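Number of protein chains: 2
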Amino acid sequence: MPKDGSPDAVTAPSQRTRVRRIPGRGHYDRATVHAILDAGLVCHVGYAIDGQPYVTPTGYWREGDRVYWHGSSASRMLRQQKQGIPVCFTVTHLDGIVFARSGFHHSMNYRSVMALGKAATVEGDAAKLAALEAFTERVAPGRWREIRPPSKQELKATTILHMDLAEASAKIRTGDPVDDEPDYALPCWAGVLPLRVMAGTPQADAKLRAGIAAPGYLKRFTLG
Amino acid sequence: MPKDGSPDAVTAPSQRTRVRRIPGRGHYDRATVHAILDAGLVCHVGYAIDGQPYVTPTGYWREGDRVYWHGSSASRMLRQQKQGIPVCFTVTHLDGIVFARSGFHHSMNYRSVMALGKAATVEGDAAKLAALEAFTERVAPGRWREIRPPSKQELKATTILHMDLAEASAKIRTGDPVDDEPDYALPCWAGVLPLRVMAGTPQADAKLRAGIAAPGYLKRFTLG
């Protein structure tokens, strides 16, 4: 994968987003960052009020070099964030637990993206509708035309934020444990317990009208 | 479940942790907060440097009314947090996607905990060893006695933080979509697509000594 400053980089890593502790785990190219973002549904957005950080989980989606998230216009989180304060947008996929032969080398396999920036609101009913359609279609292709679209009042009650991926980095750990050489002789199991998010059987609403089958996009849904 | 100020509450909800948007989703009792924390492995910790928030995923565990997380003593995150700056500790489990008949009422089922406070370091080799043993045994009961324990040098290279759950709240959404009354007549599938984290088949390290079987705790591992 291309690294720092390549033509494919979302950005050259800034002082703030460069992965320092284990530099080999850092990636800054667009394809890697986008792939991690597209595999997720819930981000954690950090913002501070009066010096106190808050970290709020929320649904998100990506289009091009932008991430979007949304919620009620009454939400404290969104009312703060739309003022253009610095935020941190983080997405994490836990891929496995790494069992080493020493306590010290236990680890986790994961893929994460951290993006710093300031959020701005999506303005105008047409743009907001298009953004909500993109989110819906990303989760469930074909669903937008099946459901009742948002009313003018509902659009007003919905705040949509977006942020450019101008200062973003990915961090990835994969593969086997890395033990100290003498420890490989220990009679201890070592390896990876893989973890992944699985979708179960769709559970129909108790009030679902008779004769409506679960759509195909539910069966095809994957995450991670 | 007991709410605000009950004898079982971790704390009365503060102005900062009270769930305001949809108060019925807020819970403040110890049993609910603990159960959500005990179902997870990775938290997102928020902290700010020079006004810029950072949100870092990391492994955690709980003992009593405290959460713990740890990492390299060289980590920027931990070096900042151990100075006693305000942090936000958030754990989220995504339990399902809620498909409503209108775009507006689409939602997610989830369980989350947000705790505010200041972190402090676990000091002393004995206390650090005990904390690391607790973390290991929580993930894999019985493993601590199978592995090589941390050396003095490794303990020095490991920073362990803890934070009291003095200001914590849980937020939970479960169940079916809640649609506007007229929309129940629409010929649209509605319900929940459940999601959960599943463990796969343990993958032995390429360098694993012959004749070492995967331990039972790998097969019994659950999350969420």
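Going down the list, the sequences are from chains C and F.
Counting from 36, one number per residue, gives the positions in the first sequence under the working numbering.
Counting from 36, one number per residue, gives the positions in the second sequence under the working numbering.
Glycine included, each C-beta is placed from N, C-alpha and C at the ideal position.
It should be emphasised that the depicted structure is a prediction, and the values quoted were computed from it without experimental measurement.
Where the alpha helix (DSSP H) through residue i begins and ends
| i | result |
| --- | --- |
| residue 170 of chain C | 160–174 |
| residue 189 of chain C | 187–191 |
| residue 180 of chain C | Looking at the DSSP string, residue 180 of chain C is not in any alpha helix (DSSP H), and its letter there is neither H nor E. |
Exposed unless 16 or more other CB atoms sit within 10 angstroms - verdict on residue i
| i | result |
| --- | --- |
| residue 163 of chain F | buried |
| residue 158 of chain C | exposed |
| residue 186 of chain C | exposed |
| residue 40 of chain C | Note that residue 40 of chain C has pLDDT 42, beneath the 50 cutoff, so the model's placement of it is unreliable and the number below is only indicative. Exposed, since its Cβ has fewer than 16 Cβ neighbours within 10 Å. |
| residue 206 of chain C | buried |
| residue 202 of chain F | buried |
| residue 209 of chain C | exposed |
| residue 75 of chain F | buried |
| residue 251 of chain F | exposed |
| residue 161 of chain C | exposed |
| residue 73 of chain F | exposed |
| residue 55 of chain C | exposed |
| residue 57 of chain F | exposed |
| residue 97 of chain C | buried |
| residue 274 of chain F | Shown here, chain F extends from 36 to 259; a query on residue 274 of chain F therefore has no answer. |
| residue 61 of chain F | buried |
| residue 92 of chain C | buried |
| residue 131 of chain C | buried |
| residue 246 of chain C | exposed |
| residue 83 of chain C | buried |
| residue 94 of chain F | buried |
| residue 182 of chain C | buried |
As assigned by DSSP and simplified to three states, the class of residue i
| i | result |
| --- | --- |
| residue 68 of chain F | helix |
| residue 259 of chain F | coil |
| residue 82 of chain C | strand |
| residue 63 of chain F | coil |
| residue 254 of chain C | helix |
| residue 118 of chain F | coil |
| residue 196 of chain C | strand |
| residue 240 of chain F | coil |
| residue 249 of chain F | coil |
| residue 203 of chain C | strand |
| residue 211 of chain C | coil |
| residue 129 of chain C | strand |
| residue 51 of chain F | coil |
| residue 37 of chain C | Confidence in residue 37 of chain C is poor, its pLDDT being 39 and thus under 50, which makes the residue's placement unreliable; the coordinate value appears in the next sentence. The answer is coil: DSSP assigns residue 37 of chain C none of H, G, I, E or B. |
Close beta carbons around residue i, own chain, < 7 Å, minus the five adjacent residues each side
| i | result |
| --- | --- |
| residue 133 of chain F | 141, 142, 143, 144, 212, 227 |
| residue 179 of chain C | 168, 171, 172 |
| residue 137 of chain C | 214, 215, 218 |
| residue 166 of chain C | 103, 157, 195 |
| residue 126 of chain F | 71, 72, 75, 78, 147, 148 |
Boundaries (first-last residue) of the beta strand (DSSP E) holding residue i
| i | result |
| --- | --- |
| residue 87 of chain C | 87–98 |
| residue 231 of chain C | 226–234 |
| residue 105 of chain C | 101–107 |
| residue 150 of chain C | 142–153 |
Check: residue i C-beta below 8 Å from any heavy atom of the ligand ZN
| i | result |
| --- | --- |
| residue 225 of chain C | By its list of ligands, the structure shown contains no ligand whatsoever, and the ligand ZN lies outside what it can speak to. |
Close Cβ partners of residue i (< 6 Å) along its chain, the five nearest in sequence each way excluded
| i | result |
| --- | --- |
| residue 123 of chain F | 81, 151 |
| residue 259 of chain F | 74, 128, 231, 232 |
| residue 222 of chain C | none |
| residue 154 of chain F | 116, 122, 196, 198 |
| residue 113 of chain F | 106, 194 |
| residue 146 of chain F | 71, 128, 207 |
| residue 253 of chain C | 237 |
| residue 38 of chain C | Unreliable placement is indicated for residue 38 of chain C, whose pLDDT of 41 sits below 50; no coordinate value is reported for it. |
| residue 243 of chain C | none |
| residue 108 of chain C | 192, 194 |
| residue 175 of chain C | 252 |
| residue 190 of chain C | 160, 163 |
| residue 229 of chain F | 131 |
Cβ-based neighbour list, residue i, same chain, cut-off 8 Å, excluding 5 preceding and 5 following
| i | result |
| --- | --- |
| residue 257 of chain F | 234 |
| residue 119 of chain C | 153, 154, 155 |
| residue 263 of chain F | Nothing can be reported for residue 263 of chain F: it is not among the residues displayed for chain F, which extend from 36 to 259. |
Any 3 or more C-beta pairs closer than 8 Å across the stretch 45–60 of chain F and the stretch 101–119 of chain F = No: the two stretches stay apart, fewer than three of their Cβ pairs being nearer than 8 Å.
Would you check if there are 3 or more beta carbon pairs closer than 8 Å linking the stretch 84–93 of chain C to the stretch 228–239 of chain C?
-> no
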